[in-house]
Amino acid sequence: MQTNSDPQKLLFSGFSKPDRQQIEQALAIVALIPEDPRYHRPKSIDAAAILMDFNVDLDTILAAILSDPRLENLTPPPDIKKQFGDTVATLVKDVHWLNKLTVYSPDMTDKPNQTEILRRMLLSMTEDVRAVLIKLAYRLQFLHILPKESYELRHFIAQETLDIYAPIANRLGIHQFKWELEDMAFRYLEPSIYLQIAKSLSTNRIHRENCVNAFIKVLKTTLAEEGIHCQCYGRPKHIYSIWKKMQRKQLPIEELYDLLAVRVIVDNLSQCYTTLGIVHNLWQTIPKEFDDYIANPKENGYQSLHTVILDADGNRIEVQIRTQDMHDYAELGVAAHWSYKEGGKQTAAMEKSVATLRKLLEEKHSVDTLSDNFRNELFSDRVYVLTPAGKLIDLVKGATPLDFAYAIHTEVGHRCRGAKVNGRIVPLTYTLKSGEQVEILTAKDGAPNHNWIDPNLGYLKSHRAINRVKSWFGNQQQAEKIALGKAILDKESHRLGIKNLNIPDVLNHFKQPDSDTLLEAIGRGHITSRQLAGFLKVPELEVIPVKTRPKKSPAKSVISVAGIDNVQTSLAHCCSPVLDDDIIGYISHHHGITVHRTDCKNITQLSLEKQAQLIAVTWGVEKASHAVPIVVQAYNAQNLLNNVSQILAQSKIHIFNASMSSNPDLSGELHMTIQIENTNQLSQVLSKISQLPNIIEVRRQV
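For the sequence shown, counting from 1, position 542 maps to 541 in numbering that gives the first Met the number 0; every step adds exactly one.
Put into structure tokens, the structure is as follows:
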């Protein structure tokens, strides 16, 4: 990085006169900060000077200067938006937020998932990615003055730098930041090891330089004779990366052969292999250390030839050979180092995003669009929230407090009855935003609600949570069917006077693997009462007489026929309908009205002549209707009210009131209050409306 005894002079280099006037204006504001006895100039000036190495735009420099937190204490505080515009004000706001964030704790070092979520959260919550660059510059500047702080603060800042900020710099392809952040943090965390490695590098520096220079001289001369133009230079190594390799390979520094490294850049692909052949002819090679990443690129797209040779004195030198395009691709930081050193999963979105960031650093035009692209492509589908204990939870964008509850634990989700966000009670359908703290309120013996898995009601966004609720209801339904099946089997056994029913015989006859599966099949009607009765009547079963009981007067029917209660009906044994099954009645000349399930084979296979004997029946539960407001948004409001009204009329749903507003672009929003009986009916009608042309969204109004 550049060094300058007067960073303020450095800030003016490369800018036009009008730009320099704005920088002077920002510096004048910073000059109002009271003097700090521990430091002779505001830290924001040094942070801005650090950023000059990256050819950033004027807005970034202005924001860096004006991000000193002490400016907020001035009376009155400067109006940055009025003096420097929206972009600079937004950047300053983001940097202040990053500086005030206190989520990190040292125990995250042993929790890689938590540190990864925090890195993503930091990047996702900044409206402009340049704020992250400013934060990195501030962190580097802070590391420079860290010796003045307490041991505890030095250790905390250094560990946070290694866990959070150096990996972010690496991920964004800003390797210059990464290396310096790592080395300086490592210096505070392990000062004795740092000095030991630094001393060893210093002691052997002249030897290393002589070996590398001798190799380069011979290679360049030979390549020139072959008509190959090249760039050759020694590749620097950094103390923290050396120590990491020593740890990984369990080797002392003297045995790390790639401390001697040379990079060779040639004009085209064929010259890469020609150069490789020349290197192998001139020096002895180590076969196991050869890698052809041109023919077999890494997953992240990295291409280069890697080989290790022994010079005349037996020194190992690692040689990397590539074209300028390959070199530019690698140096742009398209997640190459991030992918294999941090162990993260490589994605096309990340590659495109990092390339976008590099363009943002290098180009001073259309920066707003580039910054928006970076943020939207990389973090458009995630939201990061905190538990009351400060643990970070990574959720899909659009997630609700109920999604959060299921992410904590399935039982917490099942028992969830309410939520607080930042200490305020919110609906379970509230859409969470990154950085919010969520507290779940639970019942002691709670259970999921069927509404939670209705996609039109907005309770759950994540597939994992939806599947947990569906699984719970599936298990409950299974238990209910098993209980119903047991009741049916007991009833048939008692009716026929069966004593000591041999369950294995029943399992064998109906080809069922166990008792629960048998009872569930009976409860679901897959094994009918008639089939049971036919089997139970076989002579091999022991039968005991059952006293005949006097007939009771008919109980009040639980079935309504054509909307009329107290009509005598009977439940069909062939399909054993139970409450909430879809049912239909069949008028029999001898047995009155028999109630079947609508999917019963005896109903679906009726002849046309007998279908005339079908009659509508419902479970005799008192119906209730509810007035529910809904909102329909459409790209084109023409005929919207008419089309929606037709669907409601076909569904026999009454409309209480309706109002519609339209916009100049012909889009519109329809507000209606409709009368529905239950959420299932509401879900069905909203689904039908959503299938109309030009519909943007249909939802229940909260």
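By construction, the Cβ of each residue, glycine as well, lies at the ideal position given by its N, Cα and C atoms.
Distance between Q270 and E208 (C-alpha atoms, nearest Å): Rounded to whole angstroms, E208 to Q270 spans 26 Å at the Cα level.
Unbroken beta strand (DSSP E) run spanning F718, endpoints: Within the shown structure, residues of the chain are numbered from 0 to 701, placing residue 718 beyond reach of any answer.
Euclidean distance between Cα positions of I64 and T160: Computed Cα separation, rounded: 22 Å.
Alpha helix (DSSP H) runs contained entirely in the stretch 20–80, provided each spans 4 or more residues: If one requires a minimum length of 4 residues, the alpha helix (DSSP H) runs lying completely within the stretch 20–80 are 42–50 and 57–65, in chain order.
Through-space distance from V87 to L61, alpha-carbon basis: Going from the Cα of L61 to the Cα of V87 covers about 7 Å.
Whether D411 touches T441 by CB criterion (8 Å): Reading off the sequence, residue 411 comes out as Val, not Asp. Closer than 8 Å, so yes.
Within-8 Å CB hit, L440 to chain C: Going by chain labels, chain C is absent from the structure shown, which holds only one protein chain.
Close-in-space but distant-in-sequence residues of the same chain around I28 (CB under 6 Å, 5 per side omitted): Non-local beta-carbon contacts of I28 in its own chain, meaning distances under 6 Å to residues more than five positions away in sequence, involve P77 in chain order.
Option in T409, G422, L401 and T430 with minimal Cα separation from R416: Considering only alpha carbons, the answer is L401.
Start and end residues, beta strand (DSSP E) containing L304: Start and end: L304 to L309.
Continuous alpha helix (DSSP H) stretch holding H493: start and end: H493 -> alpha helix (DSSP H) spans H462 to R494.
Proximal residues to I582 (C-beta, below 8 Å), its chain only, five neighbours per side dropped: Close CB contacts of I582 within its chain, under the 8 Å cut and outside five residues either way in sequence, are with I558, P576, V594, H595, R596, T597, V616, T617 and W618 (chain order).
Where D312 falls, given that 16 or more other Cβ within 10 Å makes a residue buried: Exposed, since its Cβ has fewer than 16 Cβ neighbours within 10 Å.
Entirely enclosed alpha helix (DSSP H) segments - the stretch 135–205, minimum 4 residues: Fully enclosed alpha helix (DSSP H) runs of 4 or longer: 150–159, 165–170, 174–188 and 190–202.
Any non-hydrogen atom of the ligand ADP within 7 Å of Q195 CB: In the structure on display, the ligand ADP does not appear, and there are no ligands present to speak of.
Terminal residues of the beta strand (DSSP E) in which G591 lies: Note, G591: beta strand (DSSP E), G591 to R596.
Buried versus exposed call for I196 [16 or more other C-beta atoms within 10 Å across all chains shown]: So I196 ends up on the buried side.
Residues that DSSP places opposite G417 in a beta bridge: Partner(s): L440.
Whole-Å CB distance - V265 paired with I285, under 8 Å assumed: The Cβ separation is near 22 Å, so there is no contact.
Cβ-based burial, E696 [other Cβ within 10 Å; buried from 16]: Exposed is the call here.
Pick from Y383, D290, V684 and N421 that is closest to A406, judged by C-alpha positions: Nearest of Y383, D290, V684 and N421 to A406, Cα basis: Y383.
Inter-residue Cα distance where the pair is N314 and L259: N314 and L259: Cα-Cα distance of roughly 8 Å.
Inter-residue spacing [alpha-carbon to alpha-carbon] between K443 and R414: For K443 and R414, the gap between their C-alpha atoms comes out near 7 Å.
Spatial distance of L222 from T273 (CA atoms): In a straight line, the C-alpha of L222 is about 9 Å away from that of T273.
Contacting residues, own chain, Cβ-Cβ under 8 Å from G667 (five flanking each side not counted): Q632, A633, N635, A636, L639, M659, S660 and S661.
A348 to K687 span [Cα, whole Å]: The predicted position of A348 is uncertain, since its pLDDT is 43 and thus under 50; no value can be drawn from it.
Counterpart residues of G667 in DSSP-defined beta bridges: Bridge partners of G667: A633 and S661.
Same chain, Cβ closer than 8 Å to Y187, neighbours up to 5 away in sequence not counted: If the five residues before and after Y187 are omitted, its C-beta is found closer than 8 Å to the C-beta atoms of L142, L145, R153, H154, I156 and A157, all from its own chain and listed in chain order.
Neighbourhood of F403 by C-beta, 8 Å cutoff - its chain only, sequence neighbours within 5 removed: Once the five neighbours on either side are set aside, the close Cβ partners of F403 are V384, I392, L394, A418, L431, V437 and I439.
Local Cβ density within 10 Å of T727, reported as buried at 16 or more and exposed below that: Outside the displayed range of the chain (0 to 701) lies residue 727, so it cannot be described from this structure.
Burial state of L194 (16 or more Cβ within 10 Å): Classification of L194: exposed, given that the 10 Å Cβ count is below 16.
Nearest-angstrom Cα separation, counted from E148 out to R262: Distance between the alpha carbons of R262 and E148 is about 40 Å.
Beta-carbon proximity check, L57 vs D18, cutoff 8 Å: Yes, these two residues count as a Cβ contact at 8 Å.
H9 burial status per 10 Å Cβ neighbour count (16 or more: buried): The amino acid occupying residue 9 in the given sequence is Leu; His does not appear at that position. Burial check for L9: the Cβ neighbour count within 10 Å reaches 16 or more, so the residue is buried.
Through-space distance from Q476 to V505, alpha-carbon basis: Straight through space, the alpha carbons of Q476 and V505 are spaced by roughly 23 Å.
Inter-residue Cα distance where the pair is E608 and C573: Cα to Cα, E608 sits roughly 21 Å from C573.
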